[in-house]
Amino acid sequence: MTTDEIGSRAARHGHTSTSNNTLNIPSNGEKKPKKKRILLKLFLGLILLGVIGLLAGLGLFWSYAKNAPKLDDEMLNATVSSKLYDANNEVFEDLGAEKREMIKPTEVPQLLKDAVVSVEDKRFYKHSGVDPIRIIGSALSNFKTGGLQGGSTLTQQLIKLSYFSTKEKDQNLKRKAQEAWLSLQLEKEKSKEEILTYYVNKVYMANGLYGMETAAQTYFGKPLSELSLPQTALLAGMPQAPNDYDPYTQPDTAKDRRDVVLFTMKENNKITQQEYDAAKATPVNDGLQPLQTSNENRKIVDNYIKQVIDEVEEKTGKNVYTDGLEIHTNLDMAAQKHLYNVINTADYVQYPDADFQVASTVIDVKTGQVKAQIGGRNIPDDVQLGENLALNVRRDVGSTMKPIADYGPAIENLNYSTGRIMMDKPTTYEGTNIPVTNADMQYYGALTMRKAIMYSRNTTAIQTFDEVGKDKSAEFLKNLGIEFKDIVAANAISSNTNKIDGTKYGVSSLKLAAAYAAFANMGVYNKPYYVNKVVYQDGSEDDFQPESKRVMKDSTAYMMTDMLKDVITGGTAFNAGVPGLIQAGKTGTANYTDDDLTRMGASESSSIAPDSTFVGYTPNYAVSVWTGYKERLTPIPFEYWGTASDVYREMMTYLSENVSNDDWVMPDSVIRSGSELYVKGAYEENLLPSNTGVITSSTAESTSAAPTQSSSTTATSEPTAPTSEPATPADPPKEEPSKPTSPPAVEQPTSSEETVPDSKPPVQNNPARRNPSGG
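And the structure:
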């Protein structure tokens, strides 16, 4: 269409415009101002949003900051020790007392100032308490590396140590705002030298020591002013993770951290390359003095204190060395001293040598309170808060697994009776051709579950585990506080696990005592604990009650206890017996693998074991005992396999002197017929025809009337008792999941109805002879 045509059309409609302007078509010159106005509005909008956000942030910051604690010299300068009380409300330890040497700002060596500032806060003398540059740098570093590098200044670290919990879960926005606000205020009131001195006096330096001057005098036997460069760097680096950088227990990581401090000093031009090289080449233990303790009770309670500290910090987030707590524990000091003497002297039990180790735990079965615990034998005087073997899950508790992984779950889930017939015969692990053998390399054929436990037969335990199913077994164990990430058939007779995660997976003396305590407590499990109350400086307090839950039926607990009594009175643990005492328990002996024996140059027939365990209980206490050597390939001599039972006997004798000795009362859910027990409602299905004399669920016939429900040992009607029993094992049992590669040639039973062999196993009851636990 031409311009003339447009004009003509416009004329017909009463319009006469013939130009672009007349047609209202904007020119390029008019478009640009409009775009600029839009961009300007966007820019102003963003600024407004930023201002609003900033004001909101400042408002939130102020709402948190105005409620921050007030600065107080006492909070900054002094740390208060915590007192530990035993079950009788007597103080047995003062944590932090006389373990701090304060120094003045003029006494802080320049070398230490350079070391601390270089590694912790190199812009310390430039910022005003909070360092935005450091915060941004840390954020960028964390974004790039996925790490958690902190942005706190030395001032902020001091505020955190003085006023707030150091637990990561407590580091919320409110806490950070208050920490920053107080840091800014502190920088206005105190000089840099004062702040640095507060920090040097405040920090924890491992082994119960606070303050770097205290650490210098304890670790090196001289004041800070006399320390060498590598010694100063070691101390300057410890506060970040004092226990991890402890030169006594963690020398490798301590040296790595010291060398990091030296490197930052060199980078900040505080030392020369030559000084750096010489200091880095210096051994980390150069000048290190033996640790000394002045408290003669400390060795006796050291392992217990270690667990108290961990539990208080876990439950409260408080630091026992600085927060002035009154910590009320469950410790029975008299029992603790007796257990210490039983384990560390030759007055009660004979030990093969000084290196032989023992770990034991005593638990109140009704509450879960840990009354006593020893985590090692012949611990050196210079060790404090050392390894607690009573919490070690890396050793094998052997056949003590059978009641909690096999037979207990079978009663709980399958209503097995104590008289259920089991076949002690050549057996393999399910789905494999790997044989399961007994320690004596014999098979006894048909025997009751009671006898299978009494003589600790491996084959019947594995079969029972398969019948229960690993999921039900794992569930039963987990309810007892014992977790296996991946439970396998070998766990029917062994606690070995490849899934080690601290103390989470596997079994320890502590866990074993708590698990068996549930049998003693008629099926109610109490989580073991050390601390019952914490009183804070302001007078407030936290009370900690037993964490109880029913984990099995009372019938399961009672029936297991009834069978485990026989283990002591006539089975593998008669040397654990205490005359007249009502008690039950189980032995456990671990084996070496074929590879272990090859490395040791020992034969498969060698009577050696890496671990021997006993756990037993009364209606009042549960006591577990592990024995062995720290070096697993150092074997327990055959004649000392029963040492764990001996320790138990001496300890339980002491514990039971002044308490009631009442037997457990049979619950209404259990029926007794003769010597055997049945779950109410499952009696008939667990009977055999009376002429067989054998009890099994697979051949149930109701040939006799069910007995009355009674706690009496006499039943109104009972099946015919077995007329014969298996022969005594020639050798003490050893739990070994996969040896030998081929079972000995024996006649394999073909039916679960076979009668028990003739000849009852004679019980060795000569107290003068040490009886290997063997099962």
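Here the sequence shown is numbered in UniProt numbering, starting from 1 and rising by one per residue. For every residue, glycine included, the Cβ atom is placed at its ideal position computed from N, Cα and C.
{"Item": "What residue from 380, 363, 74 and 567 has the CA that sits closest to residue 373's CA?", "Value": "363"}
{"Item": "Of the choices 678, 661 and 340, whose alpha-carbon is the least far from that of residue 357?", "Value": "340"}
{"Item": "Where does the unbroken alpha helix (DSSP H) through residue 193 begin, and where does it stop?", "Value": "192–202"}
{"Item": "Could you tell me the boundaries of the alpha helix (DSSP H) in which residue 338 lies?", "Value": "333–344"}
{"Item": "Are residue 509 and residue 361 touching if we call contact CB-CB under 8 Å?", "Value": "yes"}
{"Item": "Measure the CB-CB distance between residue 284 and residue 251 and report whether it falls below 8 Å.", "Value": "yes"}
{"Item": "Look up residue 739 in the DSSP assignment and say whether it is helix, strand or coil.", "Value": "Confidence at residue 739 is low in this model, with a pLDDT of 37, below 50, so the placement of that residue should be treated as unreliable; the coordinate-derived value is given next. Here residue 739 sits in coil by DSSP."}
{"Item": "Starting from residue 84, trace the beta strand (DSSP E) in both directions and tell me its first and last residue.", "Value": "82–85"}
{"Item": "Going by DSSP, what residue range makes up the beta strand (DSSP E) through residue 625?", "Value": "621–628"}
{"Item": "Hey, how far is the Cα of residue 399 from the Cα of residue 342?", "Value": "24 Å"}
{"Item": "If we require 4 or more residues per run, which alpha helix (DSSP H) segments fall completely within the region 523–576?", "Value": "554–570"}
{"Item": "With a 10 Å radius around its C-beta and 16 neighbouring C-beta atoms as the bar for buried, classify residue 146 as buried or exposed.", "Value": "Low local confidence applies: a pLDDT of 47 at residue 146 is under 50, so the model's placement there is unreliable, with the coordinate-based value given in what follows. Residue 146 is exposed by the Cβ-count criterion."}
{"Item": "With DSSP as the reference, please indicate the residues paired to residue 359 in a beta bridge.", "Value": "626"}
{"Item": "Can you list the beta strand (DSSP E) stretches of 3 or more residues lying completely in the region 372–432, in chain order?", "Value": "421–424"}
{"Item": "Which stretch, first to last residue, makes up the alpha helix (DSSP H) that contains residue 159?", "Value": "154–163"}
{"Item": "Under a three-way DSSP split, which group does residue 607 fall into?", "Value": "coil"}
{"Item": "So for residue 671, helix, strand or coil by DSSP?", "Value": "strand"}
{"Item": "Sort 202, 427, 187 and 155 by Cα distance to residue 103 and report the nearest one.", "Value": "202"}
{"Item": "Considering only residues of the region 251–332, which uninterrupted beta strand (DSSP E) runs meet the minimum length of 3 residues and lie entirely inside it, listed in chain order?", "Value": "326–329"}
{"Item": "With a cut-off of 8 Å, do at least 3 Cβ pairs link the region 631–639 to the region 603–611?", "Value": "yes"}
{"Item": "Going along the chain, which residues of its own chain have a beta-carbon closer than 6 Å to the beta-carbon of residue 736, five neighbours each way excluded?", "Value": "Below a pLDDT of 50, predicted positions are generally treated as unreliable, and residue 736, at 38, falls in that range; the measurement from the model is reported next regardless. If we look at residue 736 and ignore the five residues flanking it on each side, its Cβ neighbours are 591."}
{"Item": "From the DSSP output, which residues share a beta bridge with residue 100?", "Value": "210"}
{"Item": "Can you tell me whether residue 465 is helix, strand or coil according to DSSP?", "Value": "helix"}
{"Item": "Determine the extent of the alpha helix (DSSP H) in which residue 451 is found, giving its start and end residues.", "Value": "449–454"}
{"Item": "Assuming residue 507 contacts residue 482 (C-beta within less than 8 Å), just tell me the rounded distance between them.", "Value": "6 Å"}
{"Item": "State the CB to CB distance for the pair residue 422 and residue 454, rounded to an integer number of angstroms; the pair is presumed to be in contact (CB under 8 Å).", "Value": "That belief does not hold up - the Cβ atoms of residue 422 and residue 454 are roughly 12 Å apart, past 8 Å."}
{"Item": "Roughly how many whole angstroms lie between the Cα atoms of residue 753 and residue 88?", "Value": "Confidence is the limiting factor: at residue 753 the pLDDT is only 28, short of 50, which leaves the residue's position unreliable, though a coordinate-based value still follows. Roughly 57 Å between the two C-alpha positions."}
{"Item": "Tell me the DSSP secondary structure of residue 614 in three-state form.", "Value": "strand"}
{"Item": "Can you tell me which of 154, 451 and 93 puts its alpha carbon nearest to the alpha carbon of residue 83?", "Value": "93"}
{"Item": "Is the beta carbon of residue 410 closer than 8 Å to that of residue 359?", "Value": "no"}
{"Item": "Counting Cβ pairs, one atom from each stretch, are 3 or more of them under 8 Å apart for the region 559–573 and the region 664–679?", "Value": "yes"}
{"Item": "Give the C-beta separation of residue 569 and residue 587 to the nearest angstrom, bearing in mind that I take them to be a contact with Cβ-Cβ under 8 Å.", "Value": "Not a contact, Cβ separation roughly 13 Å."}
{"Item": "Among residues of its own chain, excluding the 5 on either side of residue 75, which ones have a beta-carbon nearer than 6 Å to its beta-carbon?", "Value": "162"}
{"Item": "Assign residue 352 to one of three DSSP states: helix, strand, or coil.", "Value": "coil"}
{"Item": "Whole angstroms are fine: how far does the CA of residue 456 sit from the CA of residue 775?", "Value": "5 Å"}
{"Item": "Taking Cβ positions, are residue 235 and residue 195 nearer each other than 8 Å?", "Value": "no"}
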